[in-house]
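Below: one structure, written as structure tokens.
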Ligand code: PMP
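In full-length UniProt numbering, the protein residues as written are 55 to 439.
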């Protein structure tokens, strides 16, 4: 079964055998270690020192709705969105979270009607991010429950629709599907950054989620942010986080501020030998990986990839191809279970069934280390010959 690869976060990518072909390549999680080389070369520009006397208080700014939001972090969030042009920040409340995962739950809590006789349905078009159903149902809330594929959702009344764009797992740009009057939308824009997809316009939604995990690659910092139009929704999300963790690590917020600042600075100071821009680096890395992957897949009869259309990117000022953080690979022919097929070659992936679709599909991380990515390509090309 797939449970060994999907249920345990501790499942390591490390060596399990002596020869390199025995080594298990774990590309099940989207662990974003690919940008390590960039961050190594930034040195002091992305380093902070926190003295022992700092961050003692729970509070950051009691006049702000999100009273545990560090002002320095909020400033860098606004600045980065202005630099990239991927989201409107004017007229928005910023709510910081322990990853966008915590903000996802805070959003469900904040958007659920309190006086409803039954839980509100939470839907998303398939293939959907595999964590949505489990995060929604884990605590068997009386407020909300997983309602499945948005495409086939027909119930009357209020609902919450998750719009992930570009989408995890398949990388496509998305809009809401249900389009009825009583819908609340949560836009999960974890991958709406120029290294993954052409930036078409600043996102201008009611409730938008972002995370450092996929933008800068600092998943371990556990910092995400929500841009929220409605003051009452921002208050309820803040309340959820207060009840859940009494705020969000100040150390992490200060570190995130420094990292976001380094990203903005690196773009504004232009590309030079000493200081490469983060988005140029990450875009080039993704472009390289996708080019190599396409070569391997195109030579094979066994696999296929989604088709993407190039689009104008307002950030890079040119027409560019999407280059998603995941490969959404289809096993063609008579391979019915693509995940176990690839597991036979010691490549761990996540089956389409976790995303609400057929096991002929798997999701594969494109953000792992160079070593693992290259091993993966070698093995994939060896399968066809
Ligand atoms: N949303 C999507 C679409 C994701 O892919 C991920 C990370 N896999 C998350 C949310 C969670 O991100 P975080 O690390 O910020 O909790």
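Beta carbons: idealized from backbone N, C-alpha and C, even for Gly. Predicted, not measured: the structure shown is a model, and the values here were computed from it.
Query: Coarse secondary structure for residue 216, derived from DSSP in three states; Result: strand
Query: Neighbourhood of residue 230 by C-beta, 6 Å cutoff - its chain only, sequence neighbours within 5 removed; Result: 215, 217 and 239
Query: Cα-Cα separation between residue 388 and residue 159, rounded to whole angstroms; Result: 40 Å
Query: Residue 272 (DSSP reduced to helix, strand or coil); Result: coil
Query: Buried versus exposed call for residue 68 [16 or more other C-beta atoms within 10 Å across all chains shown]; Result: Unreliable placement is indicated for residue 68, whose pLDDT of 44 sits below 50; no coordinate value is reported for it.
Query: Identity of the residue in 286, 291, 395 and 309 nearest residue 277 by Cα; Result: 309
Query: First and last residue of the uninterrupted beta strand (DSSP E) at residue 381; Result: 380 to 385
Query: Length of the line joining the Cα atoms of residue 320 and residue 100; Result: 11 Å
Query: Spatially closest choice to residue 234 from 422, 348 and 213, by CA coordinates; Result: 213
Query: For residue 79, the nearest candidate out of 437, 411 and 403 (CA to CA); Result: 403
Query: Complete runs of the beta strand (DSSP E) confined to the region 213 to 265 [at least 3 residues]; Result: 213 to 218, 237 to 242 and 261 to 265
Query: Residues near residue 167 by beta carbon distance below 7 Å, same chain, minus five either side; Result: 174 and 212
Query: Cβ pair residue 396, residue 263 closer than 7 Å; Result: no
Query: Residue 57 (DSSP reduced to helix, strand or coil); Result: Residue placement at residue 57 is poorly supported in this model, since its pLDDT is 38, which falls under 50; the coordinates still yield a value, given next. In the structure shown, residue 57 sits in a helix (DSSP, three-state: H, G or I).
Query: Three CB pairs or more closer than 8 Å across the region 414 to 426 and the region 86 to 95; Result: yes
Query: N-terminal and C-terminal residue of the beta strand (DSSP E) that residue 174 is part of; Result: 174 to 178
Query: Short Cβ contact (7 Å threshold) for residue 307 with residue 340; Result: no
Query: Host beta strand (DSSP E) of residue 366 (start-end); Result: 365 to 367
Query: Any non-hydrogen atom of the ligand PMP closer than 6 Å to residue 222 Cβ; Result: yes
Query: Contact shell at 6 Å, judged by CB to any heavy atom of the ligand PMP, ordered along the chain; Result: 84, 153, 154, 155, 183, 218, 222, 242, 244, 265, 267, 273 and 278
Query: N- and C-terminal bounds of the beta strand (DSSP E) containing residue 281; Result: 277 to 282
Query: Heavy atom of the ligand ZN within 6 Å of residue 408 beta-carbon; Result: For the structure depicted, the ligand ZN is absent and the ligand set comprises only the ligand PMP.
Query: Neighbourhood of residue 426 by C-beta, 6 Å cutoff - its chain only, sequence neighbours within 5 removed; Result: 79
Query: Residue environment, residue 107, which counts as buried when at least 16 other CB atoms sit within 10 Å; Result: exposed
Query: Where the beta strand (DSSP E) containing residue 348 begins and where it ends; Result: Segment 332 to 352 is the alpha helix (DSSP H) holding residue 348; no beta strand (DSSP E) there.
Query: Within 7 Å, strictly: CB atoms of residue 149 and residue 291; Result: yes
Query: Complete runs of the alpha helix (DSSP H) confined to the region 75 to 114 [at least 4 residues]; Result: 90 to 96
Query: Residue 193: first and last residue of the uninterrupted beta strand (DSSP E) it sits in; Result: Note, residue 193: premise wrong, no beta strand (DSSP E); not H, not E.
Query: Inter-residue spacing [alpha-carbon to alpha-carbon] between residue 228 and residue 110; Result: 42 Å
Query: Same chain only: Cβ atoms within 7 Å of residue 135, ignoring 5 sequence neighbours per side; Result: 141 and 143
Query: DSSP state of residue 307 mapped onto helix, strand, coil; Result: helix
Query: Contact the region 330 to 348 vs the region 182 to 197: 3+ CB pairs below 8 Å; Result: no
Query: Top-ranked residue by Cα proximity to residue 170, from 197, 259, 279 and 97; Result: 197
Query: 7 Å Cβ shell around residue 184 - same chain, five flanking residues per side excluded; Result: 404, 408 and 409
Query: Euclidean distance between Cα positions of residue 349 and residue 223; Result: 21 Å
Query: Exposure of residue 243, with buried meaning 16 or more beta-carbon neighbours within 10 Å; Result: buried
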